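A.B. asks:
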Amino acid sequence: MRKGLVTMVAISQLLQLEQDAIALLLHGEGVPRELVAQTSRVESVVRDETPAGVYVDFVLTTGAIPLEGRRDFHIADLSFVTGDLKELEFILYVRRGFIACFEVYSVFDVLPSYESVFGSFSGVPTVYE
15 MRKGLVTMVA ISQLLQLEQD AIALLLHGEG VPRELVAQTS RVESVVRDET PAGVYVDFVL
75 TTGAIPLEGR RDFHIADLSF VTGDLKELEF ILYVRRGFIA CFEVYSVFDV LPSYESVFGS
135 FSGVPTVYE
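Using this note's numbering, the first residue of the sequence shown is number 15, and each one after it goes up by one.
Structure follows, in structure tokens:
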């Protein structure tokens, strides 16, 4: 169970690194283009920051259209290496055909601060059913 600092904000108010990671995941290999269209239906996000990671739950408007077949899958294999060589990993979850949750985590015990971090993305975002 998540028990961190919880805030509800517009998707545009997420940290830039989180916004960039979401965009890269959505444009990964095999990602349905309709999923990108769902981001325009994100009313707000609930951001939960814990020492172990960040979890972003998407709140969609009632007009959001699910992917055909209401599939469950996740998009992963995107990393970010900070200037001090700490690695962050990103996963985007789709549930019942809707963009559902975005997760940031680290291979370290505690998620390093990345509010104003320099580094680079690596990996090829891939869909896992």
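For each residue, glycine too, the CB sits at the ideal point set by N, CA and C. Bear in mind that the values here come from a model prediction, so they are computed numbers and not experimental data.
As a quick exercise: from Pro126, Arg110, Glu82, pick the residue whose alpha carbon is nearest that of Val47.
C.D. replies: Before going on, a small fix: residue 47 reads as Arg here, not Val. Ranking Pro126, Arg110, Glu82 by Cα distance to Arg47 puts Glu82 first.
A.B. asks: Short check: CB of Phe104 to CB of Leu49, under 8 angstroms?
C.D. replies: Not closer than 8 angstroms, so no.
A.B. asks: Do you know how far the Cα of Gly111 is from the Cα of Arg134?
C.D. replies: Strictly speaking, residue 134 in this sequence is Ser, with Arg absent from that position. About 30 angstroms.
A.B. asks: To test your reading of the DSSP string, which unbroken beta strand (DSSP E) runs of 3 or more residues are found completely within the segment 58-86?
C.D. replies: Entirely contained in the segment 58-86, the beta strand (DSSP E) runs reaching 3 residues are, in chain order, 67-74.
A.B. asks: Over what stretch of residues does the beta strand (DSSP E) that includes Glu103 continue unbroken?
C.D. replies: Segment 101-109, the beta strand (DSSP E) holding Glu103.
A.B. asks: Looking at the unbroken alpha helix (DSSP H) that takes in Ile36, where does it start and where does it end?
C.D. replies: Element bounds for Ile36: 30-40.
A.B. asks: Just to confirm, are Thr53 and Ile89 a CB contact at a threshold of 8 angstroms?
C.D. replies: Cβ atoms of Thr53 and Ile89: not closer than 8 angstroms.
A.B. asks: Check whether the Cβ atoms of Ser120 and Leu102 lie closer than 8 angstroms to each other.
C.D. replies: Against a cut-off of 8 angstroms, the Cβ pair of Leu102 and Ser120 comes out as a contact.
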